[in-house]
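The opening position of the sequence shown corresponds to residue 5 in my numbering, with each subsequent residue numbered one higher. Here's the structure we're looking at; comments come further down.
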Amino acid sequence: MMRTISITTLIFISLFSVFLSWGKEIDPNDIDWSKAENLALNKPVNAPKDGTDQFKANPGWGPKEKATNGNRDTNDWMGWNEVGKKREEIGWCEIDLKELLWVDTIRIWHYYGDQRTYHHVKLAVSTKSKFEGEEVVIFDGDDKSESRATSWIGDVADDKSVKFKKFGGGEYQETPGGRLDHFKPVKAQYVRDWVFGSTSNTAVHWVEIEVYSFLGPGSVTSSGKLPIAWGAIKSYN
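And the structure:
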């Protein structure tokens, strides 16, 4: 005689699995990206400058919205020229997720058409749009000790065939597969990425920024909510 399992029991089992996996590290090669929800898709973008005016004269200079429009083509970027001569004049791009969420994975593409390397790359998340010390540093290309993520570099932009290779931090060459940072779940609404020119020129460019939650419970305000992209991890299904 078959016994039915209540919805409450299924939820308990799922949440218990989340608890057990909380400290585990995800291998991005084990993810079915077609089932993963990009929390940053079409979300508002903020930056100290906007390429909109330059875009009118030169389509290469894109407006801020290009950083979250879902297009990973290297020529579909937002940015501007001449960041500055000083470290304090570094350029940045910030995404507002519109709600407080548990996040644990971020993928980011800067311009990669000529395999350039950007300088002073830094990625952080925060519950506030201040970034004055309250933020959690995810990746710091200048100081590996400040990075809390395990970082990977993807080879191609196509999610069906992309292969990720782990790297130890520091400066890196841009690729069509972008950089992926995976870390223990943290509460965040804002994601900010900094760069300071590259080996090619003094301009800054962001092709796409994607944010995911694989191990966190999703919305911080919704108790009992299952991980947003739980079903995308192949070995967990």
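Ideal placement from N, C-alpha and C gives every residue a C-beta, glycine not left out.
Contact set for residue i: own chain, Cβ-Cβ below 7 Å, skip 5 residues either direction
i	result
Trp81	Gly66, Lys70, Tyr115, His209, Trp210 and Val211
Ala40	Tyr216, Ala233 and Ala236
Residue i versus the options, residue with shortest Cα-Cα distance
i	options	result
His186	Asp159, Leu127 and Val160	Leu127
Asp159	Glu178, Gly74, Ala44 and Asp31	Glu178
Leu43	Ser239, Thr206, Gly235 and Val195	Val195
Lys134	Glu98, Trp156 and Leu219	Glu98
Trp106	Asp36, Asp31, Asp197 and Ala192	Ala192
Trp37	Glu103, Thr72 and Thr109	Thr109
Ala153	Pro189, Pro52, Gly220 and Lys39	Pro189
Asp34	His123, Thr121, Trp156 and Asn85	Trp156
Val141	Ala40, Ala233, Asp197 and Tyr176	Asp197
Ala51	Gly235, Arg120 and Gly95	Gly95
Three-state secondary structure assigned by DSSP to residue i
i	result
Ser133	coil
Lys164	coil
Trp81	coil
Thr72	helix
Pro189	strand
Lys102	strand
Lys148	helix
Ala61	Reliability fails at Ala61, whose pLDDT of 47 lies under 50, so the model's placement of it is uncertain and the value that follows must be treated cautiously. Correct three-state label for Ala61: helix.
Asn205	coil
Ala233	coil
Leu14	Residue placement at Leu14 is poorly supported in this model, since its pLDDT is 41, which falls under 50; the coordinates are not used for a value here.
Asn33	helix
Ser155	strand
Lys126	strand
Lys238	helix
Lys242	No statement about residue 242 is possible, as the shown extent of the chain runs from 5 to 241 and does not include it.
Ile94	coil
Leu45	coil
Val141	strand
Leu184	strand
Gln177	strand
Cut-off 6 Å between Cβ atoms - residues of its own chain near residue i, not counting five sequence neighbours on either side
i	result
Arg111	Gly182, Leu184 and Glu214
Asp144	Lys126, Glu150 and Ser151
Lys167	Asp159
Own chain residues within Cβ distance below 8 Å of residue i, not counting five before or after
i	result
Arg76	Trp113, Ala161, Pro180, Gly182, Val211 and Glu212
Residue i burial status per 10 Å Cβ neighbour count (16 or more: buried)
i	result
Pro48	exposed
Glu139	buried
Lys68	buried
Asp118	exposed
Ser239	exposed
Asp147	exposed
Leu219	buried
Gly74	exposed
Gly83	buried
Does the stretch 163 to 171 come close enough to the stretch 196 to 204 to have 3 or more Cβ pairs within less than 8 Å?
no
Would you check if the stretch 122 to 142 and the stretch 156 to 166 touch, i.e. whether three or more CB-CB distances between them fall below 8 Å?
no
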